[in-house]
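Visitor:
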Amino acid sequence: MRELVYYEAKLEGLREILAADERVHLFAESFLGLSEHRGLFREIVKDYPDRVIAPPISEIGFCGLAIGAAMAGLRPIVDLSTASFTFEAWPQIVNEAANALYMSGGQTRAPVVFHMLHGLRGGGAAQHSHSPQAMLWNCPGLEIVLPSSPRDVRGLLKTAVNSNNPTIFIDHTLLFELRGPVPEADEAIPFGQADVKRAGGDVTVIATSYMVQRCLTVADRLANEGIQVEVVDPRTLVPLDFQTLMASVEKTRRVVIVDECHQSCGVAAELAARIGEAGFDKLQAPIRRVTTLDVPVPYSAPLEEFISPSESRVADAVRAVLS
Amino acid sequence: MLPKLPRESLIELCRKMFLIRYFEEALIGLHNEERFKGHYHVYIGQEATGVPAISCLGVGDYLFTTHRNHGHLLARGADPRRLLAEILGRRDGYNKGKGGSFHTNVTSLGFPQTSGVVGGIIPLATGAAYAVRAQKTDRISVCLFGDGALEEGAAAESFNMASLWKLPVLYLCENNGKYGQGKAAGTARSSTMAVYPLTDLPAGYKIPAQQVDGTNAGAVHGVVSEAVKKIRQGGGPQFIEAQTVRWPGGVTNWPVVPIATDAAIAWDVTSVPEAEREWYRDSDPVLIFIRELVEKKQVSREEISEIQQGILGVVSQAVEFAFDSPYPNSETALEDVFA
Ligand SMILES: Cc1ncc(C[n+]2csc(CCOP(=O)(O)OP(=O)(O)O)c2C)c(N)n1
Ligand SMILES: [Mg+2]
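Residue numbers (the numbering used here), protein chains in the order written: chain L, 8 to 330; chain X, -19 to 319.
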C-alpha cells in the first residue's frame, strides 16, 4: 500500500469530500492549525471559493450557523482550530445540535462535523490545551471521532461527513508528521469499529488519538523487556465498539487506559467503569488510567511533561498491572 | 505629535517604547535560535498606543490584556527580567512558569487576568468596572484588546451592560490591521467586520467612541487622558480604536526581524530591506516618536543613542537573568489549583 504523511492523507480526504458532495461547506481558517503545512489549505480555498469560507472569530455564531445550515440541507464542516475554543460555542453544540433530533421526536437532523485539535501540543498552556472529548461524551446526541493514523484520519473524516448526526472530529497536531499506509481507493471507515493497532497477549492498552502512537512506542520498548502489549484504538467513542475492547481484555485480563483528558470523569474513567461493570471477573489486576493530571495545563515544558500521560507513566502503569 | 508632557515624561515614554521594541526583537531572536518553543505574539508596531495610553492611568486602575500583552506589561512597569523568565517557563517568571507568553500578568501592577481567548477579557474588564463602582472608588478598568475581539459576541454583550449601567470602563481596541493587511492579505489574522469604522459597534450601544492614529503618541495620549478623565468623573464607558499598521515582520505566525531597530533608521531608511522599508519610514511608531523628540528639540540624537544603548543593556541583562533562572520543580505543577 502507498504511504502518506498524516496531513497529506487528511487533506486528500477533505478534497475527496468536497469533490463528491456539493452540500459540503467548510468554515475554516486553516484546518491544519498552526502547522507549517497550513499553506496547502489555501490551495483548497482557491479551488472551492464558494464553499470554503474563513469565518470571523465568532465561534458561537459560526457553529450555530453551520448547525442551522445543516438543518436546512447542507453538510457543513466547521473548524474550531484549537479544541479549547469549543467552549465559546458550547451552547450551540451541546444544547442545540446534540438535542435537535431527540427533542424533535426524530424530525430534525443536524449533520455538522465540528473539527478541532485537542491536547497537549507543547507550550499551549491552560487555555489552548483542552481535550474536551469526555465533556462532549457527557452530551448524548454527539458522535465523537478520534483518529490516530493517516489511514484513519482520511477514512473517518468521510464517514463523519456522511453521518446524519452532529459529529465531533477531534484531531491532534502532534500526529501531523506521522507517515503510514493509506489505500488509493476511496475508503470510508465505519464508526464503531475499534482497531487493534498492535497485537499482544500480556496487557491491553486502550488509547485514543495521539496517545495511540505514544503507546505503540512504549509497546516497542516493553517488548524488549519481554512484555507483549496489545494496543487497541476505539477510533470512535460514540458509537463505541465495546466488543473489540472486551475481547482484548478477556484475552490479556489486564488493562491500562491512556487518554489526554484530565483524570476525573475523563474518557479513561468511563471506559474503566464499563470494563469493570462488564468484566470484573475477567480482570487479574485493577484497571490503571494514565491521563493528564487534574490541574489546568501549565506552560513551562517540565511542568507540562510532569502532568502529561508520558511514555514513562504509561510504561509504569503497564508494569504495575503485571506485578 | 508629541504628548503634552514635560520633557522628563517624554523621555520616560521613549525609554518604554525602546524597551518594548528591543525586548520583542530579542525574544524573536531567541525563538528563531530555538532557545524556547511555543507560540507567542509581539507588540512591535503598537508601542505608541500602549505606552502613552497606559501612562494616563492611576496606580489603582485595573488592566486586562490578551495574547499580545508584553508591551502592555512593560509599559506599566513590569520587570523585563521576570517577564522574559515567564515566557521561557522559568521559576522566576511572574506566573512561576505556569502562564507563559499568552498569560503573563502581574496583579501588583493591576493586571488580574491575561487571556489567550479572543474576546475573553471584555466581560472581565466590564466586571472589574462594576466592582470598583460598587466599592465607591474612583478607579477605572481598562480593557486592552485587538480588533478581532469585536467579532466575538462577548464584546457586544459587554458593551450593552457597560452602557446600561454606566460602568467606569475604557475599551481600548488596538486595530493593527489598518490598510487591510493581515487576514485580507491572506497572512496573519485581523478582523473581518461588517461594521466599519469599528467605532460604530460600541456607538450602537451608546458608548462614546472615537478613532485615533495609534502610531501618534501625542494623539493617543490626548484622547486617552481625556477619556480616562470622563470615566473617572462618572461619565460611563468609553471606546477608543487605535489604528496601527501591522509590522511586516509579524504578518506570518512566526515573526522575523527584518532589521534590528536603530535610531539612525529614523533619519535614513536605506539600510532597511526594500520590502519593509515603507513601514519603517512611515508607520514605525518608535521611529516616528524619536524623530519628533529630536525635531521638537526635546532631546538630541546623541541622547537618543544613549537611551537606546542603555535599553539594549537592560534587555541583555533580562536575557541573562531569564536563562539563569531554573525551571520550576515538577511538583509545583500541582500547586495553585485552589486558593
Ligand atoms: C476564542 C478564540 N478564537 C480563536 C483564537 C485564535 N486566535 C488567536 S489570536 C487571533 C487573532 C486575534 O486578532 P486580534 O484580536 O485583532 O488581535 P491581534 O493578534 O491582531 O493583536 C485568533 C483568531 C483564540 N485565541 N481565541
Ligand atoms: Mg488585530
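Idealized CB from N, CA, C, for every residue including glycine.
Rounded to the nearest angstrom, what separates residue 81 of chain X and residue 183 of chain L at their Cα positions?
Guide: In the second sequence, the residue the question calls residue 81 of chain X occupies position 101. In the first sequence, the residue the question calls residue 183 of chain L occupies position 176. Roughly 24 Å separates the two Cα atoms.
Visitor: How many Å lie between residue 265 of chain L and residue 207 of chain X at the Cα?
Guide: Within the first sequence, the letter at position 258 stands for residue 265 of chain L. Within the second sequence, the letter at position 227 stands for residue 207 of chain X. The alpha-carbon atoms of residue 265 of chain L and residue 207 of chain X are separated by roughly 54 Å.
Visitor: Please report the distance separating the alpha-carbon of residue 202 of chain L from that of residue 237 of chain L.
Guide: Along the first sequence, read from residue 1 onward, the residue named residue 202 of chain L stands at position 195. Along the first sequence, read from residue 1 onward, the residue named residue 237 of chain L stands at position 230. Taking the straight line joining both Cα atoms gives about 11 Å.
Visitor: Quick check: is any heavy atom of ligand 2 less than 8 Å from the C-beta of residue 154 of chain X?
Guide: Here residue 154 of chain X is taken as the residue at index 174 of the second sequence, counted from 1. It does: the Cβ of residue 154 of chain X is within 8 Å (strictly closer) of some heavy atom of ligand 2.
Visitor: Taking 8 Å as the cut-off, is the beta-carbon of residue 86 of chain L closer than that to any non-hydrogen atom of ligand 1?
Guide: Numbered from 1 along the first sequence, position 79 holds the residue referred to as residue 86 of chain L. No, the beta carbon of residue 86 of chain L sits no closer than 8 Å to any heavy atom of ligand 1.
Visitor: Kindly say whether residue 189 of chain L, judged by its beta-carbon, lies nearer than 9 Å to any beta-carbon of chain X.
Guide: Numbered from its first residue, the first sequence carries residue 189 of chain L at position 182. No, because no Cβ of chain X sits closer than 9 Å to the Cβ of residue 189 of chain L.
Visitor: Across which residues does DSSP place residue 194 of chain L in a beta bridge pair?
Guide: Mapped onto the first sequence, residue 194 of chain L falls at position 187. None; residue 194 of chain L has no bridge partner.
Visitor: Residue 251 of chain L and residue 208 of chain L - do their beta-carbons sit closer together than 9 Å?
Guide: Here the question's residue 208 of chain L lines up with position 201 in the first sequence. Here the question's residue 251 of chain L lines up with position 244 in the first sequence. It is not a contact, given that the beta carbons lie outside the stated cut-off.
Visitor: At a cut-off of 8 Å, would you count residue 102 of chain X as near ligand 1, judging by its Cβ distance to the nearest heavy atom?
Guide: If you number the second sequence from 1, residue 102 of chain X lands on position 122. Checking every heavy atom of ligand 1 against the Cβ of residue 102 of chain X, none is found closer than 8 Å.
Visitor: Excluding the 5 residues flanking residue 13 of chain L on each side, which residues of the same chain have their C-beta closer than 7 Å to its C-beta?
Guide: Translated into the one-based positions of the first sequence, residue 13 of chain L becomes position 6. Here the set comprises 157, 160, 182, 183, 184, 185.
Visitor: Out of curiosity, what's the CA-to-CA distance linking residue 187 of chain L and residue 225 of chain L?
Guide: As a first step, residue 187 of chain L is located in the first sequence; it is residue number 180 there, counting from the start. As a first step, residue 225 of chain L is located in the first sequence; it is residue number 218 there, counting from the start. So the alpha carbons of these two residues sit roughly 18 Å apart.
Visitor: Compute the Euclidean distance between the alpha carbons of residue 293 of chain X and residue 61 of chain X, then round it to the nearest angstrom.
Guide: Translated into positions along the second sequence, residue 293 of chain X becomes position 313. Translated into positions along the second sequence, residue 61 of chain X becomes position 81. Spanning the two alpha carbons is a distance of roughly 12 Å.
Visitor: Just list the residues that DSSP pairs residue 297 of chain X with in beta bridges.
Guide: Position 317 of the second sequence holds residue 297 of chain X. According to DSSP, which records beta bridges pairwise, residue 297 of chain X is partnered with nothing at all.
Visitor: Using 8 Å as the Cβ pair cut-off and three pairs as the minimum, do the segment 101 to 112 of chain X and the segment 130 to 147 of chain X touch?
Guide: Result yes; three or more Cβ-Cβ pairs closer than 8 Å.
Visitor: Is residue 222 of chain X closer than 9 Å to residue 70 of chain X when the C-beta atoms are compared?
Guide: As a working note, residue 70 of chain X is residue 90 in the second sequence. As a working note, residue 222 of chain X is residue 242 in the second sequence. Not in contact: residue 70 of chain X and residue 222 of chain X (Cβ atoms no closer than 9 Å).
Visitor: By the 10 Å Cβ neighbour count, where 16 or more other Cβ atoms means buried, how is residue 104 of chain L classified, buried or exposed?
Guide: Working through the first sequence from its first residue, we reach residue 104 of chain L at position 97. Answer is buried; the Cβ neighbour count reaches 16.
Visitor: Closer than 9 Å, CB to CB, is residue 2 of chain L near chain X or not?
Guide: Outside the shown range of chain L, which is 8 to 330, sits residue 2 of chain L, and nothing can be said about it.
Visitor: Tell me whether residue 153 of chain X sits in a helix, a strand or coil according to DSSP, three-state version.
Guide: Mapped onto the second sequence, residue 153 of chain X falls at position 173. In the structure shown, residue 153 of chain X sits in a strand (DSSP, three-state: E or B).
Visitor: Between L:71, L:84, L:130, which lies nearest to residue 107 of chain L when the distance is taken from Cα to Cα?
Guide: The residue labelled residue 107 of chain L in the question sits at position 100 within the first sequence. Nearest C-alpha to residue 107 of chain L: L:71.
Visitor: Once DSSP output is grouped into helix, strand and coil, what is the label at residue 209 of chain X?
Guide: What you label residue 209 of chain X is simply residue 229 of the second sequence in a count that begins at 1. The answer is helix: DSSP assigns residue 209 of chain X an H, G or I state.
Visitor: For residue 275 of chain X, report the span of its alpha helix (DSSP H) as first-last.
Guide: Working through the second sequence from its first residue, we reach residue 275 of chain X at position 295. Where residue 275 of chain X is concerned, the enclosing alpha helix (DSSP H) stretches over 265 to 275.
Visitor: At a CB-CB cut-off below 9 Å, which residues of chain X make contact with residue 132 of chain L?
Guide: Position 125 of the first sequence holds residue 132 of chain L. In chain order: 18, 78, 79, 80, 81, 82, 83, 96.
Visitor: Determine the direct distance from the alpha carbon of residue 273 of chain L to that of residue 141 of chain L, and round the result to whole angstroms.
Guide: On the first sequence, position 134 is the one that residue 141 of chain L refers to. On the first sequence, position 266 is the one that residue 273 of chain L refers to. If you take the alpha carbons of residue 141 of chain L and residue 273 of chain L, they lie about 5 Å apart.
Visitor: For residue 203 of chain L, name the three-state secondary structure that DSSP assigns.
Guide: Sequence index remark: in the first sequence, residue 203 of chain L carries index 196 (1-based). Reduced to three states, the DSSP call for residue 203 of chain L is strand.
Visitor: Can you name the start and end residues of the beta strand (DSSP E) that residue 54 of chain L belongs to?
Guide: Locating residue 54 of chain L in the first sequence gives position 47, where the first residue counts as 1. Segment 45 to 54 is the alpha helix (DSSP H) holding residue 54 of chain L; no beta strand (DSSP E) there.
Visitor: When the cut-off is 9 Å and only beta carbons count, does residue 12 of chain X lie next to chain B?
Guide: Note that chain B does not occur in the displayed structure, where the protein chains are L and X.
Visitor: For residue 62 of chain X, does the three-state DSSP call read helix, strand or coil?
Guide: As a first step, residue 62 of chain X must be located in the second sequence, where it is residue number 82. In the structure shown, residue 62 of chain X sits in a helix (DSSP, three-state: H, G or I).
Visitor: Do we get a CB-CB distance below 9 Å when we pair residue 162 of chain X with the residues of chain L?
Guide: Position 182 of the second sequence, counted from the start, is the residue given in the question as residue 162 of chain X. Low confidence applies to residue 162 of chain X: its pLDDT is 44, below 50, so where it sits in the model is not reliable, and the reading given next is rough at best. With 9 Å as the cut-off, residue 162 of chain X does not count as an interface residue toward chain L.
Visitor: Contact criterion: CB-CB distance below 9 Å. Does residue 222 of chain X meet it with respect to chain L?
Guide: Your numbering for residue 222 of chain X matches position 242 in the second sequence. For residue 222 of chain X, the answer is no, since every Cβ of chain L falls outside 9 Å of its Cβ.
Visitor: Taking Cβ positions only, does residue 51 of chain L come closer than 9 Å to chain X?
Guide: In the first sequence, counting from the first residue as 1, residue 51 of chain L sits at position 44. Not closer than 9 Å to any Cβ of chain X, the Cβ of residue 51 of chain L fails to qualify, so no.
Visitor: Check whether the Cβ of residue 266 of chain L lies closer than 8 Å to any heavy atom of ligand 2, and answer yes or no.
Guide: On the first sequence, residue 266 of chain L is found 259 positions in, with the first residue counted as 1. Checking the Cβ of residue 266 of chain L against ligand 2 gives no.
Visitor: Could you tell me the distance, in whole angstroms, from the CA atom of residue 190 of chain X to the CA atom of residue 220 of chain X?
Guide: Taking the second sequence and counting its residues from 1, the one referred to as residue 190 of chain X is at position 210. Taking the second sequence and counting its residues from 1, the one referred to as residue 220 of chain X is at position 240. Using only the alpha carbons, I get a separation of about 5 Å.
Visitor: Of the residues L:120, L:138, L:127, L:126, which one's Cα is nearest the Cα of residue 163 of chain L?
Guide: Reading the first sequence from its first residue, position 156 is the one you call residue 163 of chain L. It is L:120.
Visitor: Taking DSSP as the reference, what is the three-state secondary structure of residue 173 of chain X?
Guide: Indexing the second sequence from 1 puts residue 173 of chain X at position 193. Of the three classes helix, strand and coil, the one that applies to residue 173 of chain X here is coil, per DSSP.
Visitor: Can you confirm whether residue 349 of chain L, when its beta carbon is compared against all beta carbons of chain X, has any partner nearer than 9 Å?
Guide: Outside the modelled stretch of chain L, which goes from 8 to 330, sits residue 349 of chain L, for which no answer is possible.
Visitor: If I measure Cβ to Cβ from residue 92 of chain X and keep anything under 8 Å in the same chain, skipping five residues before and after, which residues do I get?
Guide: The residue given as residue 92 of chain X occupies position 112 in the second sequence. Correct list, in chain order: 42, 44, 85, 104, 108.
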